[in-house]
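The structure appears below as structure tokens.
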Amino acid sequence: MSTMTKRRRWSLLVTVGAGLLLITLDNSILYTALPTLTEDLQASSTQSLWIINAYPLVMAGLLLGSGTLGDRIGHTRMFVVGLVIFGLASLLAALAPSPEVLIGARAVLAVGAAAMMPATLALIRTYFTVERERNFAIAIWGSLSVVGAALGPILGGTLLENFWWGSVFLVNVPVVALALVATWLIRPANDPDPSKRWDAVSSILVMIGLVGTVVAIKEIGHAPPSVATIVVALLVAAIGFWLFVRRQRRLENPLLEFSIFLNPAFSAGVLAAACAMFAIGGIQLVTTQRFQQVVGFSPLEAGLLVAVIAVGSLPTALLGGAFLHRVGLLALITGGLAVATGGVVVTVVGFQSSFGVLVLGLLVTSAGLGAAMSVASTAIIGNVPVRRAGMAASLEEVSYEFGSLIAVSVLGSLLTAIYTASVVLPNGAPAAAGDGIAEALEAAQGDAAIIQAASTAFDSAYLVVMLVVAGVLAAAAVITGVLLRRYLPGTQSQLHSEH
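The opening position of the sequence shown corresponds to residue 53 in this note's numbering, with each subsequent residue numbered one higher.
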């Protein structure tokens with residue numbers, strides 16, 4: 053069943069890689085498009101954050117269960133269904149007439165992405181039966197996340213230089229079509245396992261918990277916040293997560309067994325993956341907005357700037373995996389997070405003094421994050437029993453999406469909250485200018501005093517957000533240092549035990 057010629061195997065890798073690249077691109081492609089899109093659709097600051105957030109939120113909710121659904125109906129079928137949903141949702145997003153429709157389209161995009169993502173890895177594991185080949189194929193699969201994060205802002209910027217904002221979604225359609233044709237030509241077998249049980253209820257409960265959390269975070273960022281909304285949202289989140297935990301403990305085959313978090317290397321890997329994506333997503337989101345709206349960069353220029361974060365992480369990501377057996381998890385995960393913390397501090401110094409120092413800071417940050425991310429997957433997948441490998445793979449993907457989701461929710465809301473609290477507008481300025489930098493630039497109608505006031509407030513907010521990112525990375529470095537204190541050079545990094 054899993055036999056396939058070498059050419060077909062590598063063709064399959066290219067095909068599933070194209071699907072994975074689409075998934076990761078759609079996480080970051082909107083960062084450069086957001087100011088243009090917000091202006092054209094007349095979206096509020098809250099709507100803008102939901103346009104970005106709907107995608108990782110729905111995906112994080114669905115990923116835990118989609119791997120099991122793939123086992124049940126067959127991973128090839130899941131991949132094809134995911135591609136079709138993704139293509140149709142891309143068309144809807146490109147032609148969206150309002151922010152509400154675009155938010156809905158982004159949620160449907162996430163359904164397609166959640167169907168595809170576990171299938172891409174499962175098909176590689178099925179058809180690459182030679183260990184060395186499989187390891188190389190999985191390394192390529194893993195590096196596509198970094199490539200997607202790098203290409204997203206650049207591709208978004210390039211398309212906006214030449215076309216309207218909908219082109220950032222329309223570009224997905226031909227890639228989907230080619231991937232569908234390639235899958236039909238390669239014809240990987242579909243091996244359904246009807247004995248596997250898919251628990252849709254658990255996925256819905258996770259989604260309820262996540263939506264409640266995000267709504268509460270966004271409302272806290274409002275000026276003034278609605279206490280009633282915050283209380284209701286937190287209550288909904290608490291109920292959703294409590295019911296999810298309760299259900300997992302009662303199920304014979306739960307989506308998540310909490311006992312796997314007792315392994316310190318596993319927990320450190322999950323924390324490192326989530327915090328690395330929190331930092332990458334947060335820095336890219338606020339930096340693209342700052343340099344477009346305050347400095348006047350074009351979308352492409354802003355995209356090239358933040359691509360430094362992803363590009364700088366590639367060398368250390370590749371080297372980290374190669375030298376793990378020599379240096380151990382502690383040096384790469386904790387050391388990488390510590391270096392990234394220092395890099396964010398350098399970025400903050402550069403922000404206030406020199407553009408060159410800012411770029412250097414971004415490069416140092418990305419080098420540290422690359423080292424941590426390179427072995428986070430190994431720490432996660434390698435420290436669970438074989439029977440829980442699928443669960444671990446799903447958790448790995450969820451931790452990355454959760455990191456992106458929290459970055460946009462928390463840092464996006466914090467950026468708006470600090471702006472509205474600190475902006476000092478000149479007398480007679482429109483009230484809308486106090487809501488956000490995009491609203492201020494539109495309301496200013498070229499008034500230099502309003503633009504200056506808005507820019508000063510946004511820079512203050514940017515500074516605080518970057519310091520929060522540094523704080524999170526520093527805390528993650530300390531916690532992982534404690535968890536991995538025994539994972540020194542020469543110690544076993546992967547424990548294939550059944551405990």
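Beta carbons: idealized from backbone N, C-alpha and C, even for Gly.
Asked: Below 8 Å on the Cβ atoms is my contact criterion, and I expect Ile125 with Gly164 to pass it. Report the Cβ-Cβ distance as a whole number of Å.; Found: About 15 Å; that fails the 8 Å criterion.
Asked: Using a Cβ-Cβ cutoff of less than 6 Å, which residues in the same chain neighbour Ile433 once the five nearest sequence positions on both sides are dropped?; Found: Ala444
Asked: Which whole-angstrom value describes the C-beta separation of Leu414 and Gly455, a residue pair presumed to lie in contact below a C-beta threshold of 8 Å?; Found: With a Cβ gap of about 18 Å, Leu414 and Gly455 do not count as contacting.
Asked: Can you tell me which of the three DSSP states Arg61 falls into?; Found: helix
Asked: How should Arg239 be labelled, buried or exposed, when 16 other C-beta atoms within 10 angstroms of its C-beta is the threshold for buried?; Found: exposed
Asked: Give the C-beta separation of Val476 and Ala505 to the nearest angstrom, bearing in mind that I take them to be a contact with Cβ-Cβ under 8 Å.; Found: 6 Å
Asked: In its own chain, which residues sit with a C-beta less than 6 Å from the C-beta of Thr417, not counting the 5 before and 5 after it?; Found: Ala392, Gly395 and Val396
Asked: When burial is assigned at 16 or more other CB atoms within 10 Å of the CB, is Gly498 buried or exposed?; Found: exposed
Asked: Please classify Ala496: does DSSP put it in a helix, a strand, or coil?; Found: helix
Asked: CB-CB under 6 Å to Ala354, same chain, minus the five flanking residues each way: which ones, in chain order?; Found: Thr84, Thr340, Phe343 and Gln344
Asked: Within 10 angstroms of the Cβ of Gln404, are there 16 or more other Cβ atoms? Answer buried if so, exposed if not.; Found: exposed
Asked: By the 10 Å Cβ neighbour count, where 16 or more other Cβ atoms means buried, how is Ser197 classified, buried or exposed?; Found: buried
Asked: In terms of alpha-carbon separation, which member of Leu466, Phe131, Val227 and Pro151 lies closest to Ile272?; Found: Leu466
Asked: Quick check on the burial criterion: 16 or more other C-beta atoms within 10 angstroms. Buried or exposed for Ser188?; Found: With the sequence shown as reference, residue 188 is identified as Phe, and Ser is not the correct amino acid for it. That one is exposed.
Asked: For Leu389 versus Ala424, is the C-beta spacing smaller than 7 Å?; Found: yes
Asked: What is the rounded straight-line gap between the Cα of Lys248 and the Cα of Met130?; Found: 14 Å
Asked: Roughly how far, in whole angstroms, is the beta-carbon of Ser150 from the beta-carbon of Leu93, given that I think they are within contact range, below 8 Å?; Found: 7 Å
Asked: When the Cα atoms are used, what is the spatial distance from Ser350 to Ser311?; Found: 49 Å
Asked: Which residue's Cα is closest to the Cα of Leu295: Val68, Ile269 and Leu257?; Found: Leu257
Asked: Pull up the distance between the alpha-carbon of Gly333 and that of Ile176, whole angstroms please.; Found: 27 Å
Asked: Please classify Phe510 as buried or exposed, where buried requires at least 16 other C-beta atoms within 10 Å of its C-beta.; Found: buried
Asked: Under a three-way DSSP split, which group does Gln94 fall into?; Found: coil
Asked: Buried or exposed for Phe215, going by 16 or more other Cβ atoms inside 10 Å?; Found: exposed
Asked: Between Gly523, Ala522 and Ala492, which has its C-alpha nearest Thr508's C-alpha?; Found: Ala492
Asked: Alpha carbons only, please: which of Ser512, Ala106, Leu116 and Gly486 is nearest the one belonging to Leu308?; Found: Leu116
Asked: Is the beta carbon of Leu337 sitting closer than 7 Å to the one on Thr210?; Found: no
Asked: Where does the unbroken alpha helix (DSSP H) through Val228 begin, and where does it stop?; Found: Asn224 to Ile238
Asked: Excluding the five sequence neighbours on either side, which residues of its own chain have a C-beta within less than 7 Å of the C-beta of Leu173, listed in chain order?; Found: Trp193 and Ala445
Asked: Would you say Glu449 and Met169 are within 7 Å of each other, going by their C-beta atoms?; Found: yes
Asked: For Asn242, count neighbouring Cβ atoms within 10 angstroms of its own Cβ and tell me buried if that reaches 16, exposed if not.; Found: exposed
Asked: Does the beta-carbon of Lys58 have 16 or more other beta-carbons within 10 angstroms, so that it is buried, or is it exposed?; Found: exposed
Asked: What residue range does the alpha helix (DSSP H) around Pro351 cover?; Found: Pro351 to Val363
Asked: So, helix, strand or coil for Val198, using DSSP?; Found: helix
Asked: By the three-class DSSP mapping on this structure, what secondary structure does Thr532 have?; Found: helix
Asked: Applying the criterion that 16 or more other CB atoms from any shown protein chain within 10 Å of the CB defines a buried residue, is Pro276 buried or exposed?; Found: exposed
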